[in-house]
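Peer 1: Per numbering that gives the first Met the number 0, numbering through the sequence shown is continuous, rising by one, with the last residue being 96.
For each residue, glycine too, the CB sits at the ideal point set by N, CA and C.
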Amino acid sequence: MKLYETRAEAAQGCRASAKTAERYMKAAERFAREGRKTSAWNMADTAKTAADCAMQAHEALWGLADGKLTDEEFEAFEQAEIAQTNARKAAGAAANC
């Protein structure tokens with residue numbers, strides 16, 4: 000079963016999951032600053048899950064577009080990659096709490 004049937008769905012999946020990863024990364028950083036280690040790790044875990052979802056959409060988009068992305072699709076594609084960085088930032092914040 001394919002998660003995404005169209006390029007537009009896959010691009011939206013990239014954007015939505017990347018936005019979620021960023022939101023939870025910021026929450027992890029905030030909880031880490033407050034010394035709330037368990038909460039920071041919970042947020043970091045959720046950021047990682049969202050980033051993984053973004054990368055699933057990323058791979059689907061690449062396949063559906065056959066490597067030929069429009070500018071808008073490329074932006075969504077990049078956002079999914081940035082989500083991976085945000086997940087690592089969240090984990091780093093939690094680890095250094």
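Grab me the residues of residue 72's own chain with a C-beta within less than 7 angstroms of its C-beta, minus the 5 sequence neighbours each way, in chain order.
Peer 2: On the sequence shown, residue 72 is found 73 positions in, with the first residue counted as 1. The residues are 6, 10, 60, 64.
Peer 1: Quick check on DSSP: helix, strand or coil for residue 70?
Peer 2: By 1-based counting over the sequence shown, the position of residue 70 is 71. Three-state DSSP puts residue 70 in a helix.
Peer 1: Decide if residue 4 is buried, meaning its Cβ has at least 16 other Cβ atoms within 10 Å, or exposed.
Peer 2: What you label residue 4 is simply residue 5 of the sequence shown in a count that begins at 1. Exposed.
Peer 1: For residue 79 and residue 56, I'd like the C-alpha separation in whole angstroms.
Peer 2: Counting from 1 along the sequence shown, the entry for residue 79 is found at position 80. Counting from 1 along the sequence shown, the entry for residue 56 is found at position 57. Each residue's Cα considered, the two are about 8 angstroms apart.
Peer 1: Are the beta-carbon atoms of residue 95 and residue 17 separated by less than 9 angstroms?
Peer 2: On the sequence shown, position 96 is the one that residue 95 refers to. On the sequence shown, position 18 is the one that residue 17 refers to. Against a cut-off of 9 angstroms, the Cβ pair of residue 17 and residue 95 comes out as no contact.
Peer 1: If you follow the alpha helix (DSSP H) that residue 14 is part of, which residue opens it and which one closes it?
Peer 2: Taking the first residue of the sequence shown as position 1, residue 14 is located at position 15. 6-32 is the span of the alpha helix (DSSP H), which, as asked, contains residue 14.
Peer 1: Measure the C-alpha to C-alpha separation of residue 77 and residue 29 and round it to an integer number of angstroms.
Peer 2: For the purposes of this step, residue 77 is taken as the residue at position 78 of the sequence shown. For the purposes of this step, residue 29 is taken as the residue at position 30 of the sequence shown. Cα-Cα distance, rounded: 25 angstroms.
Peer 1: Rounded to the nearest angstrom, what separates residue 12 and residue 49 at their Cα positions?
Peer 2: Within the sequence shown, residue 12 is the residue found at index 13, counting from 1. Within the sequence shown, residue 49 is the residue found at index 50, counting from 1. Straight-line Cα distance between these residues: approximately 10 angstroms.
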